[in-house]
Each structure stands twice: as structure tokens, then as C-alpha cells.
Amino acid sequence: MNKYSFTWDNLKNEYKSIIESGYDIITCEEFVKKKGTFIKKVLVNRIDIDFSIKKVNTLLDIFDQLKIKGTFFVRLHASEYNPFSFEGYRILKRLINSGHELGYHSEIVDQSIIWDEDAKECLLRDLKVLN
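Next up, the structure:
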């Protein structure tokens, strides 16, 4: 078996190995708040939701089992998924309610070019919608 082939079990085992190696697994916000004050080694657990919001459920199950948190970055304009669909919203709600962080995966450069709008206005509108 190839150690580096992707399976959910392999991913879970990688996280276990990181924990067993003495790392604290932290969120992006925790890193910013504690920057420069770490005693142990840290891994900032940043997850981009690029193609499938459904797979977040499996990640949340793994993280719950290992008692770790992460920061998940959601796309608002992905053709691959809709974060405001019934299922997408339910998953994001579970993510937040279980103590993880939700971040915004910005695509404002593309938006501003495609829609011929100011990038700042695209950013402000997206943040308002996400909040």
C-alpha cells in the first residue's frame, strides 16, 4: 500500500502521527492570537473547501474523534457547490456549532474582471453575505 495515497483513514492517521509527534493542532485565529508565544510545535489547521462541501462532514467526524479544530475556507462563487443550498448550509452550521472556524476563500480578482466591478466592492459584498 502506498503510504501517500489518499484515503480518509490515511488522513486520520497523518493527523494522529502529528499529534503523537508533539504538535498542537490549532486554528488560524488561535495562531494570530498566540503568535510568538508557542511553547510546543504547532500545526495551523487550514482547510480550503475547493470542490466539495459534502466532504467536510467526513473531516468534521475525523476532527471530532481526534478532538482537534480547524479553519475551513468556503467559496461563495464555486460552480462545484453552493454553500447556501440546504445541505451546504447544514454542513456549515455543523462546522460552526462544533467549534471550528469559517473563513472566506476570496476570488475577488476573478469576480472583478468577470463582472467588471471594483474588487473592493466585490469583497465587501461577499463579506456581508457570508456574515
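Read in this note's numbering, the sequence shown has 92 at position 62, and its numbers run on one by one without any break. Ideal Cβ positions, reconstructed from N, Cα and C, are used throughout, including at glycine. Bear in mind the structure is a predicted one, so any value in this text is a computation, not a measurement.
message: For the structure I just gave you, are there three or more beta carbon pairs, one from the segment 120-139 and one from the segment 84-92, closer than 8 Å?
response: The segment 120-139 makes contact with the segment 84-92, as at least three CB pairs between them are under 8 Å.
query: For Asp156, is the classification buried or exposed, using 16 other Cβ atoms within 10 angstroms of its Cβ as the cut-off for buried?
result: Buried.
query: Does DSSP put Phe36 in a helix, a strand or coil?
result: Note: Phe36 maps to coil in three-state DSSP.
message: Rounded to whole angstroms, what is the Cα-Cα separation between Ala149 and Val62?
response: Cα to Cα, Ala149 sits roughly 25 Å from Val62.
- prompt: What are the complete beta strand (DSSP E) segments, minimum 3 residues, inside the segment 94-129?
  reply: Fully enclosed beta strand (DSSP E) runs of 3 or longer: 101-104.
query: If you scan the segment 54-90 from start to end, which runs of the beta strand (DSSP E) of 3 or more residues do you find wholly inside it?
result: Runs found: 71-74, 76-79.
- prompt: Can you give the Cα-Cα distance for Asn161 and Lys99, rounded to whole angstroms?
  reply: When rounded, the separation of the alpha-carbon atoms in Asn161 and Lys99 is 20 Å.
message: Pull the bridge partners of Tyr134 from the DSSP assignment, please.
response: Answer is Val104, bridged to Tyr134.
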